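Below you'll find the structure, written out as structure tokens, and then a few comments.
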Amino acid sequence: MHEHDVLVVGAGGAGLRAAIAAHEEGADVALVTKLHPVRSHTGAAEGGINAALRDGDDWELHAYDTMKGSDYLGDAPAIETLAQDSPKETVQLEHWGMPFSREDDGRVSQRPFGGLSFPRTTYAGAETGHHLLHTMYEQVVKRGIKVYDEWYVSRLAVTDHDDPEERECHGVVGYDIKTGQIQGFKARNGVILATGGLGQVYDHTTNAVANTGDGAAMAYRAGVPLEDMEFIQFHPTTLPSTGVLISEGVRGEGGILYNNEGERFMFEYGYANNDGELASRDVVARAELTEVNNGRGVEDEYVHLDMRHLGEERITDRLENILHLARDFEGVDALEEPMPVKPGQHYAMGGVETDENGETCISGLYAAGECACVSVHGSNRLGGNALPELIVFGARAGRHAAGTDLGEAEISTGETEETEFEDGLDTPVEPGAVATSDEDAVADGGTAITSPDETVRHAVENERTRVDHLLEKDEGVQQAELREKLQKSMTENVNVFRNEEGLKQALEDIREVRERYEDVYVNDPSRTFNTDLIHTIEMQNLLDLAESITLGALARDEFRGAHWRQEHQERKDDEWLKHTLLSWNEGTPKLWYKPTILDGEKEYEPKERSY
Amino acid sequence: MSTQIEESETEAQEQEAEAEEAELPAEQEPQTPGDRRRAEKRERREQETASEPVAETDDTFKMKVFRYDPEVEGKMEPRFDDFYVPKKKGMTVLDALIYARDRFDTTLTFRHSCRQAVCGSDALFINGRQRLGCQTQISDLDTPVRIEPLPHQDVVKDLVVDMEHFYDQMEAVEPFFQPDETPGDELEEQRQSRENREKVKMSTRCIWCGACMSSCNVAAGDNQYLGPAAINKAYRFAMDEREGENMKEHRLNVMDQEHGVWRCQTQFSCTNVCPKDIPLTEHIQELKREAVKQNLKFW
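Residue numbers (the numbering used here), protein chains in the order written: chain R, 1 to 611; chain S, 1001 to 1299.
So, in structure tokens, the structure goes:
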């Protein structure tokens, strides 16, 4: 058994920042990642980091823009923390040597992004995430922080108290991908989940193949609620054939969207007469699909994004990476012709419910970054707000797990007196009632024995049993077939445009896949680098997350942010200024709500969003 | 047809001669019922996958993929498997590998993640050259497309190589920023000129894929040679104006060693294969010049 003070699962932006912060507080910290840190998907982020660094800008403006962009579903204490901490965290990266783009005076450059009232997006070319990831990994190397790379964390070790809030997390179970060994990892102080996005729930996504939402799904099965899962961001500019992202920086620098008639539709069809192409992402994504659905799409599939007029010099200086992406993945020379783009799954606004210190309702269990929902993005994330979330809340989770007193959190987690249970949702199938692998425990991986060592040992045993079963089973169904079925149904039914019929169809499809998953087997008998096995374990995570997204979307009968419902074309503030939460306990998911916090240091009055 | 995989015996034998001999672990007696069942499963898989060859047609292309697994009986001897994959516009080598794995043989093993040339995990030896699978269009290649693991690295399984040595070399050059001093104010930037950022820009694009190291004849013969990627990493910091003179001197001393920059024979193979177009050879030459200049100063 490996033992450390703090274990960080996942080594992208949030994980690396959490590990550095915990180390700075004197903790013995280790990173456990199924990739190698520099392979993490943070490296694919392009646009930049929002931080109020300049005269004329301040954290209050940043917080206000973020609250407005969230369509008033963000929690004020989290949003204000993001806006207040981002400047020093961003300059911290600069002090660590991150190669930001520069102004003539040597200070870091900033540019305009969608939904921002000030050009506060700090960037390094169109490859900001790559530089952020490498800069932080360099700091991890410098500090000698232990990294277990290509170790897949497949289960949490939590105690099995009836009430999730009495449970404790004592560690995780890791699977050494190279050798097939399963081992326990004990965390004396805390486990931080930083496992990133869940884009593989969809078949057209900007996310990496590794983004299967492992942390969120494991936390869910251990009894932690998932918050606001219905809010999936579809990025308006992804390449049609692969889903590769074309940064919002292109529109920030002045790129223009055209339909097949050559019309600048954002203005001509009135989708966003003030901001045009720089309206919020949900607005632009819907505009593009409306054009395509009304017969004004190119090849009935996509629209054109044109940046030729910016001139070669400016493009090369600020967007060079985009030229490579367009050439390599779509065969288009973006200096000569417009790029084909369409919306694609990009980001999960929802995730593991945490407070602004990163902690969940299970003590010793933290989450940060895209897998978490501290609720800074609400129903729609502004471009440039993902990277500051990673560093701000990664650092806070790391510090808190290492024992630093960050003060009492203003956001409460778990069930409280404000909890309101859903009792009238009409679903075609009972959600998620198919048993998990460990039927003797109320929490997946849980154990009635509460000593930390025994808890980890018990979880390891459970995992060995599961893996042995998958490897020994000779026939049945393979994960690739199930994954394809799930991804297709989600893309068809739980996409940019949603209606009740489609959502119910998705729930039925998810149920069918879930039942067939009971008969899943791994064809590869090898213990060496068995990707067949890893993908099969990931598949269960995709299933649980797909279901939580769809259930939340069915429950929320209003139109807010990225969540558009055909039958409900208005934002219903009287009913829906609240977060959806889904928690799994003893095999049965339950849906409940808690109110959005609109008062922090400032008060935020819901207003109509217009762009 | 039953399957589109061809694993003809004679073909495999032919290829064996070309493929590197792998170390075989001693075979063990099955010890538990689980082990026995797994052994039976391995055997059955062996019989199932041997099938009639399928010819390349107008709609498909042939891919010859290196296979090896130290644990599975039929794969302990390295061989090539043929896969016939439907042609599709815009298809990359990675797309084709995923197709073959998901449709024909789920045991086919390779690393991949971002599929947009930033994670660096799918550097492969494709038609005799180091390339990223995700960045290589099938239409740009002659068929059959031959896919092998990166040369000069130990093969873990199929197309997966052991990257530990590469990581060790990267970390040997103190790959982290060491400025003389950092502004005391946490909101004050250190400032870097645009010119200086331009100078180091290309060197910061490295994605640690290992293609350069694999292509380098010198690295193949000298295990201690730092190699192009690690030297480029050192260049990134040595040329950054925010690190002071003393640190630059220290960095040049690390480079100016028997297994440092002087091992480079300027063959340009690293530069040729770099998927991010980093002028690696040029960076190594520049560090050689800097090292000489530094030595002259001491005379």
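For glycine and all other residues, C-beta sits at the position ideal for the given N, C-alpha and C. These numbers come from a predicted model, not from an experiment.
Boundaries of the beta strand (DSSP E) in which residue i is found, first to last residue
i                     : result
residue 192 (chain R) : 182-193
residue 632 (chain R) : A query on residue 632 (chain R) cannot be resolved here, the shown segment of chain R reaching from 1 to 611 and no further.
residue 365 (chain R) : 365-367
residue 3 (chain R)   : 2-9
residue 29 (chain R)  : 29-33
residue 588 (chain R) : 588-595
residue 175 (chain R) : 169-176
Expected contact under 8 Å - CB spacing of residue i and residue j to nearest Å
i                      : j                      : result
residue 312 (chain R)  : residue 227 (chain R)  : No, residue 312 (chain R) and residue 227 (chain R) are not in contact; Cβ-Cβ is about 45 Å, not under 8 Å.
residue 1233 (chain S) : residue 1206 (chain S) : 7 Å
residue 148 (chain R)  : residue 596 (chain R)  : Contact doesn't hold; Cβ gap of about 38 Å is too wide.
residue 1226 (chain S) : residue 1173 (chain S) : 6 Å
residue 206 (chain R)  : residue 245 (chain R)  : 4 Å
residue 382 (chain R)  : residue 49 (chain R)   : 12 Å between Cβ atoms; not a contact.
residue 390 (chain R)  : residue 13 (chain R)   : 4 Å
residue 563 (chain R)  : residue 230 (chain R)  : 5 Å
Residue range of the unbroken alpha helix (DSSP H) whose run includes residue i
i                      : result
residue 1063 (chain S) : Where residue 1063 (chain S) is concerned, there is no enclosing alpha helix (DSSP H), although the beta strand (DSSP E) it sits in stretches over 1060-1067.
residue 44 (chain R)   : Premise fails: residue 44 (chain R) is in no alpha helix (DSSP H) and is neither H nor E.
residue 13 (chain R)   : 13-24
residue 1212 (chain S) : 1211-1215
residue 95 (chain R)   : 76-95
residue 1235 (chain S) : 1227-1238
residue 1174 (chain S) : Unbroken run through residue 1174 (chain S): none, as it is neither H nor E.
Partner residues on chain R for residue i, Cβ-Cβ distance less than 7 Å
i                      : result
residue 1280 (chain S) : None at all; the shortest Cβ gap to chain R is about 17 Å.
residue 1135 (chain S) : 328
residue 1192 (chain S) : 102 and 106
residue 1204 (chain S) : 99 and 131
residue 1117 (chain S) : 328
residue 1145 (chain S) : The premise fails here: residue 1145 (chain S) is roughly 17 Å from chain R at the closest Cβ pair, so nothing lies under 7 Å.
residue 1087 (chain S) : Those within 7 Å of residue 1087 (chain S) in chain R number zero; the least Cβ separation is about 14 Å.
Within chain S, partners of residue i - CB distance below 7 Å
i                     : result
residue 114 (chain R) : Near residue 114 (chain R) there are no residues of chain S at all, since even the closest Cβ is about 21 Å away, more than 7 Å.
residue 210 (chain R) : 1113
residue 128 (chain R) : Correct list: empty, because the minimum Cβ distance to chain S is about 11 Å.
residue 325 (chain R) : 1116
residue 480 (chain R) : 1102 and 1106
residue 532 (chain R) : 1106 and 1107
residue 94 (chain R)  : 1189 and 1190
Residues that residue i contacts on chain S, provided the C-beta gap is smaller than 8 Å
i                     : result
residue 570 (chain R) : Result: empty, since nearest Cβ-Cβ is about 38 Å, beyond 8 Å.
residue 44 (chain R)  : 1114, 1116, 1118 and 1119
residue 248 (chain R) : Correct list: empty, because the minimum Cβ distance to chain S is about 16 Å.
Chain S residues whose Cβ lies nearer than 9 Å to that of residue i
i                     : result
residue 142 (chain R) : 1174, 1175, 1176, 1177 and 1178
residue 529 (chain R) : 1069, 1109, 1111, 1156, 1157, 1158 and 1160
Where residue i meets chain R, residues with beta-carbon distance less than 9 Å
i                      : result
residue 1210 (chain S) : Neighbours of residue 1210 (chain S) on chain R: none; closest Cβ ~11 Å, over 9 Å.
residue 1240 (chain S) : 97 and 99
residue 1090 (chain S) : 241, 242, 329, 330 and 331
residue 1072 (chain S) : 524, 525, 526 and 528
residue 1200 (chain S) : 99
Within chain R, the residues that residue i reaches when beta carbons sit closer than 8 Å
i                      : result
residue 1187 (chain S) : 53, 87, 88 and 91
residue 1221 (chain S) : Here the premise fails: no neighbours, minimum Cβ distance about 26 Å.
Proximal residues, the stretch 1171-1184 of chain S versus chain R, C-beta separation under 9 Å: 1171, 1174, 1175, 1176, 1177, 1178, 1179, 1182 and 1183
If we require 4 or more residues per run, which alpha helix (DSSP H) segments fall completely within the stretch 101-150 of chain R? 128-143
Output needed in chain order: residues of the stretch 1097-1113 of chain S with a Cβ under 7 Å from some Cβ in chain R. 1102, 1106, 1107, 1109, 1112 and 1113
For the stretch 1082-1145 of chain S, which segments carrying the alpha helix (DSSP H) assignment without a break, of at least 4 residues, lie completely within its bounds, in sequence order? 1093-1103
Please list, in chain order, the residues of the stretch 18-42 of chain R that have any C-beta partner in chain S closer than 8 Å.
35, 36, 38, 39, 40 and 41
Notebook entry, point to check: What are the start and end residues of each continuous alpha helix (DSSP H) run of 4 or more residues lying completely inside the stretch 380-411 of chain R, in chain order?
Noted result: 386-401
Closer than 8 Å between beta carbons: that is the criterion. Which residues of the stretch 490-508 of chain R meet it against chain S? none
In chain order, what residues of the stretch 1246-1268 of chain S put their CB closer than 7 Å to some CB of chain R?
none
Give the list of continuous beta strand (DSSP E) stretches no shorter than 3 residues that lie fully inside the stretch 275-347 of chain R. 303-306
| field | Completely contained alpha helix (DSSP H) runs for the stretch 1256-1286 of chain S, where each covers 4 or more residues | value | 1269-1273
**Prompt:** In chain order, which continuous runs of the alpha helix (DSSP H) of length 4 or greater are located wholly inside the stretch 210-284 of chain R?
**Reply:** 214-221, 249-252 and 265-268
- Query: Whole alpha helix (DSSP H) runs in the stretch 552-580 of chain R with 4 or more residues, listed along the chain?
  - Reply: 573-576
Could you pull out every unbroken beta strand (DSSP E) segment of at least 3 residues lying fully inside the stretch 464-489 of chain R, listed in chain order? none
Margin query: Tell me which residues of the stretch 515-529 of chain R have at least one Cβ-Cβ distance to chain S shorter than 7 Å, keeping chain order.
Written below: 523, 524, 525, 526, 527, 528 and 529
For this session: Quick one: which residues of the stretch 196-223 of chain R get their C-beta closer than 7 Å to a C-beta of chain S? List them in chain order.
Result: 208, 209 and 210
Below 7 Å between beta carbons is the criterion; list the residues of the stretch 171-183 of chain R that meet it against any residue of chain S, in chain order. 178
Anything in the stretch 134-160 of chain R with a Cβ closer than 7 Å to a Cβ of chain S? List those residues in chain order, please. 138, 139, 141 and 142
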